[in-house]
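As given, the protein sequences belong to chains H and B, one line each in that order. Numbering that gives the first Met the number 0 applies: residue 0 is where the first sequence begins, and numbers increase by one. Numbering that gives the first Met the number 0 applies: residue 0 is where the second sequence begins, and numbers increase by one. Cβ coordinates follow ideal geometry from the N, Cα and C atoms, glycine included. Worksheet: one structure, shown below.
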Amino acid sequence: MSLLSQVIQFLFTGITIGSIYAMVGLGFTIIYNATGIINFAQGEFVMLGGMVMVWLTAVLHLPLPVGFVLSVLIVTVIGAAFERVAIYPLKKPKVLILIIITLAGSIVFKGAAMLLWGKQTYGLPHFSGEAPIVILGATILPQALWIIGILIAVVALLAFFFNFTMLGKAMRACSINPVAASLVGINVKRIVLLSFAMSAGIGAAAGIAFTPIVLMEFDRGALLGLKGFCAAVLGGLGNGTGAVIAGLLIGVIESFGAGFISSEYKDAIALGVLLIVLLVRPSGIMGGREASKLKEF
Amino acid sequence: MAIKRHLPLMLFGCAAAVLPLGLKDPYYLGILVFIGIFSIATMGLNLLMGYAGQISLGHAAFYALGAYATGLLTAKYNVHFLPALIAAIIVTAAIAYVIGIACLRLKGHYLAVATLAVGEIVFICLNAAVGFTGGPSGLAGIPSIEIGGFSFDSDFKFYYLVWAVFILLFILTANIINSRSGRALRCLHSSEIAAAAMGINVTKLKVQVFVLSAVYAALAGVLYGHSVTFISPQSSDLMFSVKLLTMIVVGGMGNLWGGVLGAALLTLLPEMLSAFHDYELIIYGSILLVIVMFLPDGLMGGFEALGNKIIRKVRARGRG
């Protein structure tokens, strides 16, 4: 393989995996904007999406598109239920308590997945064949195109939702100032519920698309969540566009790191980037310094 | 007053000293050793969480650093225990200091995630550096602790070592809490802005507490490594950080005895439930969730509230 095709290969891999991080990062961003909470259970929604999909298609033999829609719906409901059970009843909680609650939620999800599906690793058939497409000496799986396509669809839907629908605008209003939003008649509690449901759904879609390539097991969530969080922070916490760009960037950095430096340390590379960003520029690449000051806890 | 304040610890010390004499089964002795080790680790984390109001999801990393540092030095390089211990403390404190400077300027969520990332990085490196740490299969053959020719080579001796270390650290921690810095810490917990306005150097104080709590975790790790003579990355993964956190939350944040109670309960629980292993995750998660939601001050906080209620009732009856 020539160096060029190698570089292109790493770029493809990076963008594929980066799309997943971007989607997880978007999930963080949506909940953060609506509530100011960092949802430590975000990665578990990705895991649950993959696992539910495996269960629906491999055990119940549902066709792929039906399974996809149903899995996303199921995980969306789980996300909403989590908000109702664990977040909704709290009155004026401290950040420390919120962190512990979402962390506890993530462990419950992980434990439940282990009880339901055991510790095995599960795979899914690729959406449209496994014959790789060759471009300039590098190969790309059709499934990778599906992942990138789903990311594009999610971004387009979110852009439409936040800019052209009443509900989306209400949600943005909440992220700017919840008190003012409730004064103009927006039901803030319902927006919080919606934010959890939405990011659970997006996480699930990412998990379903990802599973055919990397397989899925009960304890995948934490690291995926952490990488998604890297994306959210690098993009400037609360900035959706930033999260997507940063997610792709982290995917590419990681892929090149694994290719040229060491594959054993590839997970540490992304986390190292996170630490450096937190150290040098906590507001991320897209967020202004002023914005980050306003959103501090 | 001084006697009254130190009475619980004195009673506890006496109980701890007598307890193993009545125990014939080495199994229970082993469990008590673990409770002591976890109590030491939670004490540091409690100082950070309960008093300084900062969260760390990466304390397993410091625990592992401590265990691996003395483990490697004594087992591989034949260094004596005491110099190895000093090296372990210095290394952990230095790493914690750098991380603390980086992370503690950040607040709330950022700090939690940054420490989580540090924990994961250490975990990944311990797994990947096979030639140095033994990788996933761990480091075996850690010798028993030897100080000045005296070897703590049985569970019985080790028990006394662990609980002696615990009591020393407890006295140290209690003194810190009741000192000027302790008051500054509590002030920090209620309001950082107010603390800064009172002339407290907030960042410096937070970093100091973070480093101290990391050293506690490292000491616990050292004791763990030498007591089981084996350490693997598995015993210091994210779940271990979460376990330490759960112990504190269950026992009571901001209450030194709370950490001990939590450590004891959550060490005994898996021993009592035989099928515990499969349910471990879901049980820990549920306990954490329920306690945080309904009893945010933990069991010790609950006991205190209950005790105050009874005292008030009794007094009211006495008057009426």
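State the CB to CB distance for the pair B/A87 and B/T114, rounded to an integer number of angstroms; the pair is presumed to be in contact (CB under 8 Å). Position 88 of the second sequence, counted from the first residue, corresponds to residue 87 of chain B. Position 115 of the second sequence, counted from the first residue, corresponds to residue 114 of chain B. Not really, about 20 Å apart at Cβ, beyond 8 Å.
For H/N253, go through chain B and note every residue whose CB falls closer than 8 Å to its CB, in chain order. As a working mapping, residue 253 of chain H is identified with position 254 in the first sequence. Position check: residue 253 of chain H holds Glu in this sequence, whereas Asn was assumed. Near H/E253 there are no residues of chain B at all, since even the closest Cβ is about 12 Å away, more than 8 Å.
Looking at the C-beta of B/L237, does it have a partner C-beta in chain H at a distance below 9 Å? By one-based count along the second sequence, residue 237 of chain B stands at place 238. Yes, contact with chain H.
Check H/L123 in the structure and name its three-state DSSP category. For the purposes of this step, residue 123 of chain H is taken as the residue at position 124 of the first sequence. If DSSP states are grouped into helix, strand and coil, H/L123 belongs with coil.
Using a Cβ-Cβ cut-off of less than 8 Å, list which residues of the region 119-142 of chain B approach chain H; keep chain order. E119, I120, I123, C124, N126 and A127
CA nearest to the CA of B/A59, picked from B/F131, B/S234 and B/F11: Numbered from 1 along the second sequence, position 60 holds the residue referred to as residue 59 of chain B. Taking only the C-alpha atoms, the option nearest B/A59 is B/S234.
Uninterrupted alpha helix (DSSP H) stretches inside the region 145-214 of chain H (no shorter than 4 residues): 165-175, 177-182 and 187-213
Pull up the distance between the alpha-carbon of H/K294 and that of B/P295, whole angstroms please. For this step, residue 294 of chain H is matched to residue 295 along the first sequence. For this step, residue 295 of chain B is matched to residue 296 along the second sequence. Residue placement at H/K294 cannot be trusted, given a pLDDT of 41 that sits under 50; what the coordinates show is reported in the next sentence. Each residue's alpha carbon lies about 25 Å from the other.
Flag B/S285 as yes if its beta-carbon sits less than 9 Å from any beta-carbon of chain H, otherwise no. Here the question's residue 285 of chain B lines up with position 286 in the second sequence. So yes, B/S285 belongs to the interface.
Where does H/F296 sit, in a helix, a strand or coil, going by DSSP? For this step, residue 296 of chain H is matched to residue 297 along the first sequence. Low per-residue confidence applies at H/F296: pLDDT is 33, beneath 50, and the placement is therefore not dependable, though the value from the model is reported in the following sentence. Correct three-state label for H/F296: coil.
Could you confirm whether any beta carbon from chain H is found closer than 9 Å to the beta carbon of B/I94? Taking the second sequence and counting its residues from 1, one reaches residue 94 of chain B at position 95. By this cut-off, B/I94 is not an interface position.
I'd like to know whether the C-beta of B/I282 is nearer than 9 Å to at least one C-beta of chain H. Translated into positions along the second sequence, residue 282 of chain B becomes position 283. With 9 Å as the cut-off, B/I282 counts as an interface residue toward chain H.
Compare the C-alpha of B/V249 against each of B/V291, B/A111 and B/Y50 and name the closest. Counted from its first residue, the second sequence places residue 249 of chain B at position 250. Closest by alpha carbon: B/V291.
Cα-Cα separation, B/A66 to B/W162: If you number the second sequence from 1, residue 66 of chain B lands on position 67. If you number the second sequence from 1, residue 162 of chain B lands on position 163. Approximately 18 Å, taken between the alpha carbons.
Quick one: does B/H108 have its CB under 9 Å from some CB of chain H? Mapped onto the second sequence, residue 108 of chain B falls at position 109. At least one chain H Cβ lies under 9 Å of B/H108.
Tell me the DSSP secondary structure of B/A51 in three-state form. For the purposes of this step, residue 51 of chain B is taken as the residue at position 52 of the second sequence. Correct three-state label for B/A51: coil.
Classify H/S127: buried if its beta carbon has 16 or more other beta carbons within 10 angstroms, exposed otherwise. For this step, residue 127 of chain H is matched to residue 128 along the first sequence. That one is exposed.
What residues in the region 87-105 of chain H have a beta carbon less than 9 Å from any beta carbon of chain B? P88, L89, P92, K93, V94, L95, I96, L97, I98, I99, I100, L102, A103, G104 and S105
Distance CB(H/G104)-CB(H/F39) smaller than 9 Å: As a working note, residue 104 of chain H is residue 105 in the first sequence. As a working note, residue 39 of chain H is residue 40 in the first sequence. In this structure, H/F39 lies closer than 9 Å to H/G104 by Cβ.
Could you tell me if H/I268 is buried or exposed, where buried requires 16 or more neighbouring beta carbons within 10 angstroms of its beta carbon? Translated into positions along the first sequence, residue 268 of chain H becomes position 269. By the neighbour-count rule (16 or more Cβ atoms within 10 Å), H/I268 is buried.
What separation, rounded to the nearest whole angstrom, lies between the Cα atoms of H/K91 and B/Q53? Your numbering for residue 91 of chain H matches position 92 in the first sequence. Your numbering for residue 53 of chain B matches position 54 in the second sequence. Roughly 18 Å separates the two Cα atoms.
Sequence ranges, alpha helix (DSSP H) only - wholly within the region 68-119 of chain H, length at least 4: 94-116
Hey, quick one: how far does the alpha helix (DSSP H) through H/A245 stretch, first residue to last? Your numbering for residue 245 of chain H matches position 246 in the first sequence. Its alpha helix (DSSP H) spans residues G239 to F259.
Tell me whether the region 8-18 of chain B and the region 121-141 of chain B touch, counting them as touching only if at least three CB pairs, one residue from each stretch, are closer than 8 Å. no
Quick check on B/F157: does DSSP put it in helix, strand or coil? Position 158 of the second sequence, counted from the first residue, corresponds to residue 157 of chain B. Looking at B/F157 - three-state DSSP - the assignment turns out to be helix.
Using only the alpha-carbon positions, how far apart do B/I286 and H/A196 sit? Here residue 286 of chain B is taken as the residue at index 287 of the second sequence, counted from 1. Here residue 196 of chain H is taken as the residue at index 197 of the first sequence, counted from 1. Approximately 24 Å, taken between the alpha carbons.
Would you give the residue range spanned by the beta strand (DSSP E) that H/T138 belongs to? In the first sequence, the residue the question calls residue 138 of chain H occupies position 139. H/T138 -> beta strand (DSSP E) spans A137 to I139.
According to DSSP, B/L138 sits in a beta bridge with which residue or residues? Reading the second sequence from its first residue, position 139 is the one you call residue 138 of chain B. Looking at the DSSP assignment, B/L138 forms a beta bridge with B/I230.
Have a look at B/G258, B/A127, B/T73 and B/T91 and flag the residue whose alpha-carbon is nearest the alpha-carbon of B/G35. The residue you call residue 35 of chain B lines up with position 36 of the second sequence. The shortest C-alpha separation from B/G35 is found at B/G258.
Neighbour-count burial assignment, H/P211, 16 or more Cβ in a 10 Å radius: Residue mapping note: residue 211 of chain H aligns to position 212 of the first sequence, counting from 1. Result: buried.
Neighbour list for B/G52 in chain D, Cβ cutoff strictly below 7 Å: Here the protein chains are H and B, and chain D is not one of them.
Please classify B/F149: does DSSP put it in a helix, a strand, or coil? Against the second sequence, residue 149 of chain B aligns to sequence position 150. The answer is strand: DSSP assigns B/F149 an E or B state.
Helix, strand or coil: how does DSSP classify H/V133 here? For this step, residue 133 of chain H is matched to residue 134 along the first sequence. It is a strand residue.
Answer yes or no: does any C-beta atom of chain H fall closer than 9 Å to that of B/R318? Your numbering for residue 318 of chain B matches position 319 in the second sequence. No, B/R318 lies away from the interface with chain H (no Cβ there is under 9 Å from its Cβ).
Note down, in chain order, every chain H residue with its Cβ under 9 Å from the Cβ of B/D296. By 1-based counting over the second sequence, the position of residue 296 of chain B is 297. Correct list: empty, because the minimum Cβ distance to chain H is about 11 Å.
Test item: CB-CB of B/F122 and B/L243 under 9 Å: The residue labelled residue 122 of chain B in the question sits at position 123 within the second sequence. The residue labelled residue 243 of chain B in the question sits at position 244 within the second sequence. Taking 9 Å as the Cβ cut-off, B/F122 and B/L243 do not qualify as a contacting pair.
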